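Chemist:
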């Protein structure tokens with residue numbers, strides 16, 4: 001459809017159940033959408049530790065306690081590095097692991113007002129010892145190992161009785177919530193299932209009860225494809241809430257991200273690297289967030305057929321205003337089909 005004749009359209013997606021208004025009149029051409037936010041340090045800035053960065057190699061004592069590390073392989077002709085990835089406690093946690101977990105009779109109620117102690121786990125994954133390296137600068141094996149570090153830590157947290165859900169996420173850029181420029185990601189283990197997770201599962205349950213099919217298994221064949229691998233699809237979803245939002249979806253139905261194996265993690269690492277490179281190249285290294293959407297721990301087996309984990313990438317290119325906050329609906333100036341076409345055509349091999 002020609003851009004001049006494109007009119008607004010409202011769509012509801014089948015995973016979050018959100019309405020999105022697509023309004024191309026609210027922006028210039030999709031190709032003109034670029035980030036103007038300050039970028040994080042990039043390769044070429046030198047690999048020496050930054051004087052004020054506790055995540056850099058050699059400054060480990062300045063960090064919160066380490067949970068585990070992934071050792072670096074020996075490289076002939078280079079000085080050995082003591083680690084490649086570190087998982088540490090967050091020095092300024094939103095929830096505290098030293099708080100008393102709620103007793104079973106104190107667990108959060110499903111309705112009405114409720115307050116419990118601020119127990120939980122807030123961890124940081126330092127993705128590289130080098131300050132000048134971003135996640136997508138790593139090779140596919142390096143990104144794989146970051147994903148496997150997530151999975152290992154989520155598995156550990158799943159064994160704690162009081163932890164109901166773990167949110168894995170990455171903030172890149174100050175306006176996306178990153179307080180440190182050194183490449184890292186985080187996870188929060190909560191003693192409750194967050195409301196957006198409950199809403200997502202309820203929406204997917206309704207679709208399953210009506211159609212007998214998983215929303216994400218079905219969505220793979222209908223939405224705008226950006227790229228694919230043997231195990232994953234990268235799409236711009238039918239009801240994308242944000243311009244150039246992407247989802248990476250496993251082809252094989254699975255409820256829990258932390259059950260990913262080495263081969264699939266390598267496949268996902270390669271695709272995630274490529275998608276982040278595309279965003280960086282097309283949108284001028286935008287601030288972004290990505291989130292791993294998985295199932296809560298201990299859900300009934302009857303829920304598994306409609307719970308399907310995936311990874312959501314959201315570039316921060318627009319401001320959320322009063323309409324979005326008041327209505328829960330989003331306004332997206334770029335149709336998913338247009339965003340997918342632009343992203344598909346970006347060559348990151350050079």
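Numbering (the UniProt record's numbering), first residue to last: 1 to 350. Built from N, CA and C at the ideal position, the CB exists for glycine as well. Keep in mind that this is a model prediction, so the values were computed, not measured.
Per the DSSP calculation, residue 190 is bridged to which residue(s)?
Modeler: Within the chain shown, residue 190 is the residue found at index 190, counting from 1. The partner list for residue 190 (beta bridge, DSSP) reads 165.
Chemist: Please look up how many angstroms separate the CB atoms of residue 154 and residue 258, rounded, as I've assumed it's under 8 Å.
Modeler: Indexing the chain shown from 1 puts residue 154 at position 154. Indexing the chain shown from 1 puts residue 258 at position 258. At roughly 4 Å, the Cβ-Cβ gap stays under 8 Å, so residue 154 and residue 258 are in contact.
Chemist: Once DSSP output is grouped into helix, strand and coil, what is the label at residue 225?
Modeler: Indexing the chain shown from 1 puts residue 225 at position 225. DSSP places residue 225 in strand when its eight states are reduced to three.
Chemist: Buried or exposed, going by whether 16 or more other CB atoms sit within 10 Å of the CB of residue 13?
Modeler: Within the chain shown, the letter at position 13 stands for residue 13. With 16 or more Cβ atoms within 10 Å of its Cβ, residue 13 is classed as buried.
Chemist: Under 8 Å, do residue 173 and residue 316 count as touching if we go by C-beta distance?
Modeler: What you label residue 173 is simply residue 173 of the chain shown in a count that begins at 1. What you label residue 316 is simply residue 316 of the chain shown in a count that begins at 1. Yes, the Cβ-Cβ distance between residue 173 and residue 316 is below 8 Å.
Chemist: So what's residue 42 in DSSP terms, helix, strand or just coil?
Modeler: Taking the chain shown and counting its residues from 1, one reaches residue 42 at position 42. Because the pLDDT of residue 42 is 45, which lies under 50, any placement of that residue in the model is unreliable, and the number read from its coordinates should be weighed accordingly. Note: residue 42 maps to coil in three-state DSSP.
Chemist: How many Å lie between residue 337 and residue 134 at the Cα?
Modeler: By one-based count along the chain shown, residue 337 stands at place 337. By one-based count along the chain shown, residue 134 stands at place 134. Approximately 28 Å, taken between the alpha carbons.
Chemist: Under 7 Å Cβ to Cβ from residue 83, same chain only, skipping five residues before and after it: list those, please.
Modeler: Working through the chain shown from its first residue, we reach residue 83 at position 83. Excluding sequence neighbours, residue 83 sits near 69, 70, 71, 72, 129.
Chemist: Residue 232 and residue 276: beta carbons closer than 8 Å?
Modeler: Here the question's residue 232 lines up with position 232 in the chain shown. Here the question's residue 276 lines up with position 276 in the chain shown. No; because the gap between Cβ atoms is not below 8 Å, this pair is not in contact.
Chemist: Do you know how far the Cα of residue 112 is from the Cα of residue 262?
Modeler: Counting from one through the chain shown, the residue named residue 262 turns up at place 262. Counting from one through the chain shown, the residue named residue 112 turns up at place 112. For residue 262 and residue 112, the distance between alpha carbons rounds to 43 Å.
Chemist: Rounded to whole angstroms, how far is the Cβ of residue 195 from the Cβ of residue 165, which I believe are closer than 8 Å?
Modeler: For the purposes of this step, residue 195 is identified with residue 195 of the chain shown, where counting begins at 1. For the purposes of this step, residue 165 is identified with residue 165 of the chain shown, where counting begins at 1. That belief does not hold up - the Cβ atoms of residue 195 and residue 165 are roughly 11 Å apart, past 8 Å.
Chemist: Excluding the five sequence neighbours on either side, which residues of its own chain have a C-beta within less than 8 Å of the C-beta of residue 147, listed in chain order?
Modeler: Walking along the chain shown from the start, residue 147 turns up at place 147. For residue 147, where only same-chain residues beyond five positions count, the Cβ hits under 8 Å are 260, 265, 268, 269, 272.
Chemist: Can you list, in chain order, the residues of its chain whose CB lies under 6 Å from that of residue 247, leaving out five sequence neighbours each side?
Modeler: Here the question's residue 247 lines up with position 247 in the chain shown. Cβ within range, chain order: 235, 237, 310, 312.
Chemist: Please name the residue, chosen from 239, 217, 197, 123, that lies closest to residue 295 on a Cα-to-Cα basis.
Modeler: Locating residue 295 in the chain shown gives position 295, where the first residue counts as 1. With distances taken between Cα atoms, residue 295 lies closest to 197.
Chemist: What's the gap between the Cα of residue 347 and the Cα of residue 96?
Modeler: The count along the chain shown starts at 1 and reaches residue 347 at position 347. The count along the chain shown starts at 1 and reaches residue 96 at position 96. Each residue's Cα considered, the two are about 44 Å apart.
Chemist: Tell me whether residue 203 is buried or exposed, calling it buried when 16 or more other Cβ atoms sit within 10 Å of its Cβ.
Modeler: Taking the first residue of the chain shown as 1, we reach residue 203 at position 203. The residue is buried, with at least 16 neighbouring Cβ atoms inside 10 Å.
Chemist: Alpha carbon to alpha carbon, what distance is there between residue 121 and residue 127?
Modeler: Residue numbering aside, residue 127 sits at position 127 when the chain shown is read from its first letter. Residue numbering aside, residue 121 sits at position 121 when the chain shown is read from its first letter. One C-alpha to the other measures close to 19 Å.
Chemist: With a floor of 3 residues, list each beta strand (DSSP E) that falls wholly inside the stretch 80-160, ordered by position along the chain.
Modeler: For the stretch 80-160, whole beta strand (DSSP E) runs of length 3 or above, ordered along the chain, are 85-89, 121-126.
Chemist: Could I get the ranges of all uninterrupted alpha helix (DSSP H) runs contained in the stretch 226-289, with 4 residues as the minimum, in chain order?
Modeler: With a minimum length of 4 residues, the continuous alpha helix (DSSP H) runs that stay inside the stretch 226-289 are 262-283.
Chemist: Residue 21: which of 329, 345, 342 sits nearest, CA to CA?
Modeler: For the purposes of this step, residue 21 is taken as the residue at position 21 of the chain shown. Measuring from the Cα of residue 21, the nearest candidate turns out to be 329.
Chemist: Expressed to the nearest angstrom, what Euclidean distance is found between the alpha-carbon atoms of residue 225 and residue 240?
Modeler: Here residue 225 refers to the residue found at position 225 of the chain shown. Here residue 240 refers to the residue found at position 240 of the chain shown. When rounded, the distance between both Cα atoms is 13 Å.
Chemist: Does the beta-carbon distance from residue 87 to residue 149 come in below 8 Å?
Modeler: Numbered from its first residue, the chain shown carries residue 87 at position 87. Numbered from its first residue, the chain shown carries residue 149 at position 149. Yes, the Cβ-Cβ distance between residue 87 and residue 149 is below 8 Å.
Chemist: Helix, strand or coil for residue 25, going by three-state DSSP, please let me know.
Modeler: The count along the chain shown starts at 1 and reaches residue 25 at position 25. Looking at residue 25 - three-state DSSP - the assignment turns out to be helix.
Chemist: Please work out which residues of its chain come closer than 6 Å, Cβ to Cβ, to residue 93, disregarding the five sequence neighbours upstream and downstream, and give them in chain order.
Modeler: Counting from 1 along the chain shown, the entry for residue 93 is found at position 93. Cβ within range, chain order: 122.
Chemist: Where does residue 313 sit, in a helix, a strand or coil, going by DSSP?
Modeler: Indexing the chain shown from 1 puts residue 313 at position 313. Looking at residue 313 - three-state DSSP - the assignment turns out to be strand.
Chemist: In the DSSP assignment, what residue or residues form a beta bridge with residue 293?
Modeler: Counting from 1 along the chain shown, the entry for residue 293 is found at position 293. Paired residues: 310.
Chemist: Pick from 144, 51, 278, 67: whose alpha carbon is nearest that of residue 349?
Modeler: Along the chain shown, one-based indexing puts residue 349 at 349. Residue 278 is the option with its Cα nearest to residue 349.
Chemist: What would DSSP say about residue 67, mapped onto helix, strand or coil?
Modeler: Against the chain shown, residue 67 aligns to sequence position 67. Three-state DSSP puts residue 67 in a strand.
Chemist: Return the chain-ordered list of same chain residues with a C-beta closer than 8 Å to the C-beta of residue 324, the five sequence neighbours on each side being excluded.
Modeler: Position 324 of the chain shown, counting from 1, holds the residue named residue 324. Same-chain partners within the cutoff: 330, 331.
Chemist: Rounded to whole angstroms, what is the Cα-Cα separation between residue 252 and residue 213?
Modeler: As a position in the chain shown, residue 252 is number 252, starting the count at 1. As a position in the chain shown, residue 213 is number 213, starting the count at 1. Taking the straight line from one Cα to the other gives about 13 Å.
Chemist: Please state the DSSP three-state secondary structure of residue 207.
Modeler: Taking the chain shown and counting its residues from 1, the one referred to as residue 207 is at position 207. Helix.
Chemist: How long is the line joining the alpha carbons of residue 205 and residue 81, rounded to whole angstroms?
Modeler: Stepping through the chain shown from its first residue, residue 205 is reached at position 205. Stepping through the chain shown from its first residue, residue 81 is reached at position 81. Between residue 205 and residue 81, the C-alpha separation is close to 48 Å.
Chemist: What did DSSP end up calling residue 331 once you bin it into helix, strand or coil?
Modeler: Along the chain shown, read from residue 1 onward, the residue named residue 331 stands at position 331. It is a strand residue.
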